[in-house]
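Before any comments, here is the structure.
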Amino acid sequence: MMTAQASSTPTPLNIIIHPQSLFSILDHTLRRNEGQERVIGTLLGTRSDDGTEIEIRSAFAVPHIESAAQVEIDMEYHKTMYNLYHKANPKEILVGWYATSLELNAFSALIQNFYSSVSDGTYPYPAVHLTMQANPSSDISIRTYISTNVGVLPDKVSESCLFVPVPNELRYSESERSGLELIASAKNSESRDTTIISDIASLERSIEEVLTMLDRVSAYVSSVQDGTSPANVAIGKFLLANLSLAPKVDADDLEKLFNSHLQDILLVVYLSNTIKTQMELFNGLKRTAVIS
Amino acid sequence: MSLPVTVLPELTTPVYSVVIDSGVVLKLTKHTSEAFPATVCGLILGLDANSVLQVTHAFPFPPSEGSGSSSSNDDASAPRSKANLRYQADMIRLLKEVNIEANPIGYYISSYLGGFFNQALVDNLVAFQAANPNSIVLVHDVSRSSQSSLSLKAYRLSAEFLATNKASGGKFSSEAVVKNNLTYLDILEELPVSVKNSHLATALLQHLDSPTFTKKGDPDSFVSSSALAPNFDSLDLAIDPYLEKNVEFLLESVDDYYAEQGTFNYFQRQLAREQSKIQQWIQKTRSENALRERANLPTVSEDDWQKHFKLPAEPSRLDNILISAQINQYCNQIEEYSAVASSKLFGIQNGLDIHN
Chain A
257 MMTAQASSTP
267 TPLNIIIHPQ
277 SLFSILDHTL
287 RRNEGQERVI
297 GTLLGTRSDD
307 GTEIEIRSAF
317 AVPHIESAAQ
327 VEIDMEYHKT
337 MYNLYHKANP
347 KEILVGWYAT
357 SLELNAFSAL
367 IQNFYSSVSD
377 GTYPYPAVHL
387 TMQANPSSDI
397 SIRTYISTNV
407 GVLPDKVSES
417 CLFVPVPNEL
427 RYSESERSGL
437 ELIASAKNSE
447 SRDTTIISDI
457 ASLERSIEEV
467 LTMLDRVSAY
477 VSSVQDGTSP
487 ANVAIGKFLL
497 ANLSLAPKVD
507 ADDLEKLFNS
517 HLQDILLVVY
527 LSNTIKTQME
537 LFNGLKRTAV
547 IS
Chain B
1067 MSLPVTVLPE
1077 LTTPVYSVVI
1087 DSGVVLKLTK
1097 HTSEAFPATV
1107 CGLILGLDAN
1117 SVLQVTHAFP
1127 FPPSEGSGSS
1137 SSNDDASAPR
1147 SKANLRYQAD
1157 MIRLLKEVNI
1167 EANPIGYYIS
1177 SYLGGFFNQA
1187 LVDNLVAFQA
1197 ANPNSIVLVH
1207 DVSRSSQSSL
1217 SLKAYRLSAE
1227 FLATNKASGG
1237 KFSSEAVVKN
1247 NLTYLDILEE
1257 LPVSVKNSHL
1267 ATALLQHLDS
1277 PTFTKKGDPD
1287 SFVSSSALAP
1297 NFDSLDLAID
1307 PYLEKNVEFL
1317 LESVDDYYAE
1327 QGTFNYFQRQ
1337 LAREQSKIQQ
1347 WIQKTRSENA
1357 LRERANLPTV
1367 SEDDWQKHFK
1377 LPAEPSRLDN
1387 ILISAQINQY
1397 CNQIEEYSAV
1407 ASSKLFGIQN
1417 GLDIHN
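Protein chains in written order, with the working numbering: chain A, 257 to 548; chain B, 1067 to 1422.
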């Protein structure tokens, strides 16, 4: 019987989720077989050195069959898939599992114990269990837990488990941000899709957003001055602090900086145009040389 | 080597656009940006139906074992290496069990500032398009995506390129190139890409955007701290590093171009020399034949020069075309970038003028 393992090994205090794993889980939900209430899969990620922070980076689905009496998970599949995934991303290790229904029952305990087991589970660290409510009718909620053993009866240890909730947050790297932004731009459109936009168009979009924000702020400030809205000292101080960040630049210096920058850009553009024209010329010459 | 053939090439209808699932975009960007600046690749799976190519799943290839210095070259040809074909087959078999379409329709690569026009690209695409004519390569430019919006493009080899390839048996001689009207501008044709979210994904995005994430009572929380706060990095003014790198690569490509041009000129000089030698020999045999006829001896045919002289083989024009296309790509990137940068500069100048 495992005794007091929670005190000797560090327990995670914070769990960071990458959005990519959430989308994989949702995708798996969409593809589930007929009649399956919830789907189960494995979570992969990294663990910080002292074990207090776990990052969930990706997830894959594991086929399972669930009935009222018993639950069956394809362990072989999990092992093979994990090996394949690990080959492609050597840094990611097994950190836990997910399920797409919020309820925690005896089956969850069984599965949790499997994932925390010595042989190919996350021992000695506790496995993380992520539940995600993915019903179209209700709001999406994500909860993460780790387990500790609850000693009820010796022969029922494998079925009993105390799930302790752990705070989680969503975090992403800089480069994922642009992908996430693109996807998010589609969330309000009817057809749920969006095209990849050119640089100029995205610049225009950002500037328009900033302008609308500035409009809102100036409308608020003028309404406070008119006395129509209550003044809020915190907001006022915050705005003042931010506005004083605008740099004071000497007009001449600015001219020089601006001109030199512009010249740099123009020089490079002319250079690339010349190169392009020369390529076209070469190309045309080559063709005539061959034909004649 | 053969990729799993799931479709008969003659029976496919052409596709004109690509729709990518949102999960695939995130997976792709995560893999390519983590491996930056090395180039990596992976396989994409999906369906082609109704003249639209839907990309529903993607997985990365494991980094190739072996020497560290040449690993970037190995990765570029990864889709066709033996170990990776086995990996691919295993992966596809497992994915089928969870109801994911096991239909490879191309592969994705990461590129550093657009430098992906190389032999490996051509070889991979030829192999893929032989199995499924609608295969594409998705190119994700990591450095460009961090500057502005996501740069993800879909390409496939144009019909002219494939015809030239077939006609000249991979050698790309000058006549084959001219006959099939192949210029460096139309090696690849670009397909428009759009990203589609499933309903659940849309629900998740709406949930992430809602203000439940802000903490109450804290002045700093007046700034929206939702996960989807808009990204204003594109309004940044540091233009020099990006432009510098681009020009560096451009100049390198121009050097490569001239090196390649040099070899072609060398070949032409050889050819000219051989031909003049042949002409001299023909003249000599003609005069000899005249003498022999008078002496009633058998004449030597003038076409026999082939037995004595060997013409040098013409080098393949493919490298030249690829390098030209690469140079074109860099130039286009510079132009697009400077359009954005110059507008920002003018905007800043006007803004600060008003301030003063």
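Ideal Cβ positions, reconstructed from N, Cα and C, are used throughout, including at glycine.
Same chain only: Cβ atoms within 7 Å of residue i, ignoring 5 sequence neighbours per side
i                 : result
glycine 1283(B)   : Any answer about glycine 1283(B) is weak, because its pLDDT of 40 lies below 50 and its placement is not dependable; what the coordinates show is given next. Counting only Cβ-Cβ distances below 7 Å, and skipping sequence neighbours, we find nothing.
serine 1135(B)    : Annotation note: pLDDT 33 at serine 1135(B) (below 50); position unreliable, coordinate value reported separately. Same-chain partners within the cutoff: there are none.
glutamate 1354(B) : Val1366
lysine 1343(B)    : Phe1375
Best match in the options for proximity to residue i [C-alpha to C-alpha]
i                  : options                                           : result
leucine 1271(B)    : Ile398(A), Ser304(A) and Tyr381(A)                : Ile398(A)
glutamate 359(A)   : Glu332(A), Thr336(A), Thr387(A) and Tyr341(A)     : Thr387(A)
threonine 267(A)   : Ser458(A), Ile402(A) and Gln368(A)                : Ile402(A)
arginine 433(A)    : Leu1411(B), Tyr1082(B) and Lys1093(B)             : Lys1093(B)
aspartate 1207(B)  : Gln1346(B), Ala1104(B) and Tyr1323(B)             : Ala1104(B)
proline 1126(B)    : Gln1154(B), Thr1329(B) and Ala1115(B)             : Gln1154(B)
asparagine 1231(B) : Phe1182(B), Asn1198(B), Ala1193(B) and Arg1210(B) : Ala1193(B)
arginine 1352(B)   : Ala1220(B), Asp1369(B) and Glu1100(B)             : Asp1369(B)
glutamine 1185(B)  : Lys1237(B), Pro1170(B), Phe1330(B) and Arg1152(B) : Lys1237(B)
arginine 1222(B)   : Pro1258(B), Ser1240(B) and Asn1247(B)             : Pro1258(B)
histidine 517(A)   : Arg1335(B), Ile1158(B), Asp1322(B) and Pro1307(B) : Pro1307(B)
histidine 1374(B)  : Arg1358(B), Thr1365(B), Asn1355(B) and Ile1348(B) : Ile1348(B)
leucine 300(A)     : Lys343(A), Phe419(A) and Asp520(A)                : Lys343(A)
alanine 1405(B)    : Leu537(A), Met535(A), Val524(A) and Gln534(A)     : Val524(A)
lysine 1410(B)     : Asn488(A), Thr468(A) and Leu459(A)                : Leu459(A)
alanine 325(A)     : Phe363(A), Ser441(A) and Leu350(A)                : Phe363(A)
threonine 451(A)   : Glu437(A), Ala355(A) and Asn424(A)                : Glu437(A)
alanine 1325(B)    : Ile1389(B), Glu1340(B), Ala1338(B) and Leu1357(B) : Ile1389(B)
isoleucine 1387(B) : Ser1217(B), Gly1172(B), Asp1322(B) and Ile1202(B) : Asp1322(B)
Contacting residues, own chain, Cβ-Cβ under 6 Å from residue i (five flanking each side not counted)
i                 : result
lysine 1162(B)    : Ala1168
leucine 269(A)    : Thr308
cysteine 417(A)   : Ala365, Gln368 and Ser403
serine 263(A)     : Here the model assigns serine 263(A) a pLDDT of 43, short of 50, so the residue's position is not dependable, and the following value carries that caveat. So the list is empty, once near-sequence residues are dropped.
isoleucine 321(A) : Glu328
valine 1320(B)    : none
valine 1289(B)    : Low per-residue confidence applies at valine 1289(B): pLDDT is 40, beneath 50, and the placement is therefore not dependable enough to give any value.
serine 479(A)     : Ser485
Endpoints, alpha helix (DSSP H) assigned at residue i
i                    : result
glutamate 460(A)     : 455–482
phenylalanine 363(A) : 362–371
serine 1099(B)       : 1088–1101
glutamate 1241(B)    : 1240–1245
isoleucine 1158(B)   : 1148–1163
asparagine 424(A)    : Per DSSP, asparagine 424(A) belongs to no alpha helix (DSSP H); it is in the beta strand (DSSP E), 424–426.
glutamine 1185(B)    : 1185–1197
phenylalanine 316(A) : Here phenylalanine 316(A) belongs to no alpha helix (DSSP H); instead the beta strand (DSSP E) covers 309–318.
glutamate 1167(B)    : Neither: glutamate 1167(B) is in no alpha helix (DSSP H) and is coded neither H nor E.
First through last residue of the beta strand (DSSP E) which encompasses residue i
i                 : result
aspartate 1207(B) : 1202–1207
alanine 1219(B)   : The displayed chain sequence assigns lysine, not alanine, to residue 1219(B). Its beta strand (DSSP E) spans residues 1218–1223.
alanine 1325(B)   : Not the beta strand (DSSP E): alanine 1325(B) falls in the alpha helix (DSSP H), residues 1306–1360.
isoleucine 272(A) : 270–273
alanine 1127(B)   : Here residue 1127(B) is phenylalanine; the residue named in the question, alanine, does not match the sequence. No beta strand (DSSP E) holds phenylalanine 1127(B); DSSP gives it neither H nor E.
glutamate 1256(B) : 1254–1257
valine 351(A)     : 349–355
alanine 1115(B)   : 1107–1115
Own chain partners of residue i with C-beta closer than 8 Å, once the 5 adjacent residues on each side are dropped
i                 : result
lysine 347(A)     : Thr302
asparagine 539(A) : none
aspartate 1286(B) : Residue placement at aspartate 1286(B) cannot be trusted, given a pLDDT of 41 that sits under 50; what the coordinates show is reported in the next sentence. The answer is none, since no qualifying residue turns up.
Check your understanding: For the stretch 271–294 of chain A, which residues have a beta carbon sitting closer than 8 Å to at least one beta carbon of chain B?
Key -> His274, Pro275, Gln276, Leu278, Phe279, Ser280, Leu282, Asp283, His284, Thr285, Leu286, Arg287, Arg288 and Asn289
Point to revise | Meets three-Cβ-pair contact criterion under 8 Å: the stretch 489–499 of chain A and the stretch 1382–1402 of chain B | key: no
Point to revise | At least 3 beta-carbon pairs within less than 8 Å: the stretch 1084–1091 of chain B vs the stretch 1117–1126 of chain B | key: yes
Check your understanding: Counting pairs of beta carbons, one from the stretch 1247–1262 of chain B and one from the stretch 1219–1237 of chain B, are three or more of them closer than 8 Å?
Key -> yes
Exercise for review: May I ask you to list, following chain order, the residues of the stretch 1395–1410 of chain B that have a beta carbon less than 9 Å from some beta carbon of chain A?
Suggested key: Against chain A - using a Cβ distance shorter than 9 Å - the residues of the stretch 1395–1410 of chain B are Tyr1396, Cys1397, Asn1398, Gln1399, Ile1400, Glu1401, Glu1402, Tyr1403, Ser1404, Ala1405, Val1406, Ala1407, Ser1408, Ser1409 and Lys1410.
Practice item. Please determine if the stretch 522–541 of chain A and the stretch 1174–1192 of chain B are in contact, where contact requires at least 3 C-beta pairs separated by less than 8 Å. Key: no
Check your understanding: Three or more beta-carbon pairs under 8 Å between the stretch 513–529 of chain A and the stretch 1395–1412 of chain B, yes or no?
Key -> yes
Check your understanding: If you measure beta-carbon to beta-carbon, which residues of the stretch 1150–1184 of chain B are closer than 8 Å to chain A?
Key -> Tyr1153, Asp1156, Met1157, Leu1160, Glu1163, Val1164, Asn1165 and Ile1166
Review point. Any chance the stretch 332–339 of chain A sits against the stretch 314–322 of chain A, with 3 or more Cβ pairs inside 8 Å?
Key: yes
**Study point:** Touching by the beta-carbon criterion (3+ pairs, under 8 Å), the stretch 1308–1323 of chain B and the stretch 1400–1407 of chain B
**Key:** yes
Practice item. Mind the definition here: the stretch 271–290 of chain A touches the stretch 1259–1269 of chain B only if three or more C-beta pairs lie below 8 Å; say whether that holds. Key: With a cut-off of 8 Å, the stretch 1259–1269 of chain B and the stretch 271–290 of chain A count as touching, because enough Cβ pairs lie within range.
**Study point:** Residues of the stretch 1384–1395 of chain B whose Cβ lies closer than 8 Å to any Cβ of chain A, in chain order
**Key:** Cβ proximity to chain A below 8 Å picks out Ser1390, Ile1393 and Asn1394 from the stretch 1384–1395 of chain B.
Check your understanding: Which of the residues in the stretch 1233–1261 of chain B, read from start to end, lie with their CB under 7 Å from any CB of chain A?
Key -> From the stretch 1233–1261 of chain B, only Ser1240, Glu1241, Val1244, Thr1249, Tyr1250, Pro1258, Val1259, Ser1260 and Val1261 have a Cβ closer than 7 Å to chain A.
Exercise for review: Taking only beta carbons into account, state which residues of the stretch 1087–1108 of chain B come closer than 7 Å to chain A, listed in chain order.
Suggested key: Ser1088, Gly1089, Val1091, Leu1092, Lys1093, Thr1095, Lys1096 and Ser1099
Exercise for review: Using a Cβ-Cβ cut-off of less than 8 Å, list which residues of the stretch 1325–1346 of chain B approach chain A; keep chain order.
Suggested key: none
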